[in-house]
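Here's the structure we're looking at; comments come further down.
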Amino acid sequence: MNIKISKRFVKDTQAITDQRILAKIKKIIVEAQAVNSVYELSHIT
852 MNIKISKRFV KDTQAITDQR ILAKIKKIIV EAQAVNSVYE LSHIT
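Quick note on numbering: the sequence shown equals residues 852 to 896 in the numbering used here.
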């Protein structure tokens, strides 16, 4: 699936210093790129 990441999202994530949160964000983005439909994503609210 194609993902569009806004400039605001990039700016906001650059301000995060907690590596655990950044790792979770990265995991979600990688998972989202691997699926064909948003309905295949798990644990997204």
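Glycine is no exception: its CB is placed at the ideal position from the N, C-alpha and C atoms.
- Leucine 873 and isoleucine 856 have their alpha carbons spaced roughly 15 angstroms apart.
- For glutamate 882, the uninterrupted alpha helix (DSSP H) run begins and ends at 870-885, by DSSP.
- Valine 886 and lysine 858 have their C-alpha atoms spaced approximately 23 angstroms apart.
- Lysine 862 carries a helical assignment under DSSP once its states are collapsed to helix, strand and coil.
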